[in-house]
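Enquirer:
Numbering (full-length UniProt numbering), first residue to last: 1 to 54.
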């Protein structure tokens, strides 16, 4: 995976309707695990992730 950090949901390749809904729900930026995992998931890969909760 590219080491470039994605700064917002619109840069992750998500459908614009999903991005709009996520923003409406108050989420501005993806967590590190979301930044890393979403592109793999969208490409059809299986992902098993582990991250700390906030």
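The beta carbon of each residue, even a glycine, is placed where N, CA and C say it ideally should be. Only a predicted model underlies this, so the values are computations on that prediction, with no experimental measurement involved.
#1: Among the residues of its own chain, which have a CB less than 8 Å from the CB of residue 42, if the five just before and after it don't count?
#2: Run through DSSP, which three-state label would residue 19 get?
#3: Whole angstroms is fine: what's the gap from residue 21's alpha carbon to residue 34's?
#4: Can you name, in chain order, every residue of its own chain whose Cβ lies under 6 Å from the Cβ of residue 31, other than the five neighbours on each side?
#5: Keeping to the same chain, check which residues put their C-beta closer than 8 Å to that of residue 27; ignore five residues upstream and five downstream.
Expert: By the coordinates alone:
#1: So the qualifying residues of the chain are 12, 13 and 14.
#2: Residue 19 falls in the helix class under three-state DSSP.
#3: Each residue's Cα considered, the two are about 16 Å apart.
#4: Correct list: empty, nothing qualifies.
#5: Result list for residue 27: 9, in chain order.
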